[in-house]
Amino acid sequence: MPDGSLHYPALVLNADFRPLSYFPLSVWCWQDAIKAVFMDRVSVLSEYDREVHSPSATMRLPSVIALRDYVPNRRRPAFTRFNVFLRDSFACQYCGDQFPTPELTFDHVIPRSRGGRTTWENVVTACGDCNLRKGSRLPREIKMFPRLAPVQPSTWELQENGRLFPPNYLHQSWRDYLYWDSELES
Ligand SMILES: [Zn+2]
């Protein structure tokens, strides 16, 4: 098997040729991509120059593949820490600054000790400092209000937010299938 094989991920598109997911960007390792090609679950849209050999065949590694069967998006995204951060664009909803994920926390707008629930409508992204400062007080008691009223996002809204965060690695052949805001500006 080729050296550096980890460096040949395949971008995975849905049957409508849009990425299955923008953030994290839907990519498969080349082993999974080739398996799917042999099972006829995907079509290959673009290839790397790199080849792999088996006793009976030679094949170029796919760089962009599309599922043959359309996978519908879940209309209601899962309520996870990651999706809350993504909804809030990784920005503290009190001071407005962006932080890397490990430095972000969950804040209950109405604190749990005051009857607040852990729901899309009552949880926002907060940095450690703001979370500590707000403590178990109500927004009006300490004059700290979330910048955006927290609501349940749609899958589409999360995808849109994900487009603001292109990954570090983007193969040339992927660009035709991705729409990053930064690219549209240039
Ligand atoms: Zn903050």
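Residue numbers (the working numbering): 269 to 454.
Idealized CB from N, CA, C, for every residue including glycine.
If Y290 sits next to Y316, beta carbons under 8 Å apart, how far is it from one beta carbon to the other, in whole angstroms?
-> Locating residue 290 in the sequence shown gives position 22, where the first residue counts as 1. Locating residue 316 in the sequence shown gives position 48, where the first residue counts as 1. The Cβ separation is near 22 Å, so there is no contact.
Going by beta carbon distance, what residues of the same chain come within less than 6 Å of G272, once the five residues before and after it are set aside?
-> Within the sequence shown, numbered from 1, the residue matching residue 272 stands at position 4. Low per-residue confidence applies at G272: pLDDT is 49, beneath 50, and the placement is therefore not dependable, though the value from the model is reported in the following sentence. Same-chain partners within the cutoff: there are none.
Roughly how many angstroms separate the alpha carbons of P270 and M327, rounded to a whole number?
-> As a working mapping, residue 270 is identified with position 2 in the sequence shown. As a working mapping, residue 327 is identified with position 59 in the sequence shown. Only weak support is given to the placement of P270: the predicted model assigns it a pLDDT of 44, under 50, and the value that follows is read from those uncertain coordinates. Going by the C-alpha atoms only, they are around 12 Å apart.
Does the pairing of the stretch 359-373 with the stretch 383-391 give three or more beta-carbon distances under 8 Å?
-> No, the stretch 359-373 does not touch the stretch 383-391.
Please work out which residues of its chain come closer than 8 Å, Cβ to Cβ, to V391, disregarding the five sequence neighbours upstream and downstream, and give them in chain order.
-> Locating residue 391 in the sequence shown gives position 123, where the first residue counts as 1. Cβ neighbours of V391 beyond the five flanking positions: V352, F374, D375, H376, V377 and P418.
Chain-ordered residues, beta carbon under 5 Å from a heavy atom of ligand 1 | Any residue whose Cβ sits closer than 5 Å to a heavy atom of ligand 1 makes the list: C360, Y362, C363, C395 and C398.
When we look at the beta-carbon of R355 and count the other beta-carbons within 10 Å, is it buried (16 or more) or exposed?
-> Walking along the sequence shown from the start, residue 355 turns up at place 87. Burial call: buried.
In terms of residue numbering, what span does the beta strand (DSSP E) encompassing V339 cover?
-> Locating residue 339 in the sequence shown gives position 71, where the first residue counts as 1. Counting along the chain, V339 falls outside any beta strand (DSSP E), and DSSP gives it neither H nor E.
Beta carbon of L335 nearer than 7 Å to that of V305 | Against the sequence shown, residue 335 aligns to sequence position 67. Against the sequence shown, residue 305 aligns to sequence position 37. Cβ distance not < 7 Å, so L335 and V305 don't count as in contact.
State the DSSP-derived secondary structure class of P407, mapped to helix, strand or coil.
-> For the purposes of this step, residue 407 is identified with residue 139 of the sequence shown, where counting begins at 1. Here P407 sits in helix by DSSP.
P270, DSSP secondary structure in three states | Stepping through the sequence shown from its first residue, residue 270 is reached at position 2. At P270 the pLDDT is 44, less than 50, meaning the model places this residue with poor confidence and gives no usable figure here.
If you scan the stretch 287-316 from start to end, which runs of the alpha helix (DSSP H) of 4 or more residues do you find wholly inside it?
-> The alpha helix (DSSP H) runs of length 4 or more contained entirely in the stretch 287-316 are, from start to end of the chain, 298-306.
Between P330 and P407, what straight-line distance do the alpha-carbon atoms span, to the nearest angstrom?
-> As a working note, residue 330 is residue 62 in the sequence shown. As a working note, residue 407 is residue 139 in the sequence shown. P330 and P407: Cα-Cα distance of roughly 52 Å.
Hey, could you find the ends of the beta strand (DSSP E) C395 is sitting in?
-> Within the sequence shown, the letter at position 127 stands for residue 395. Looking at the DSSP string, the run of the beta strand (DSSP E) that includes C395 is V391 to C395.
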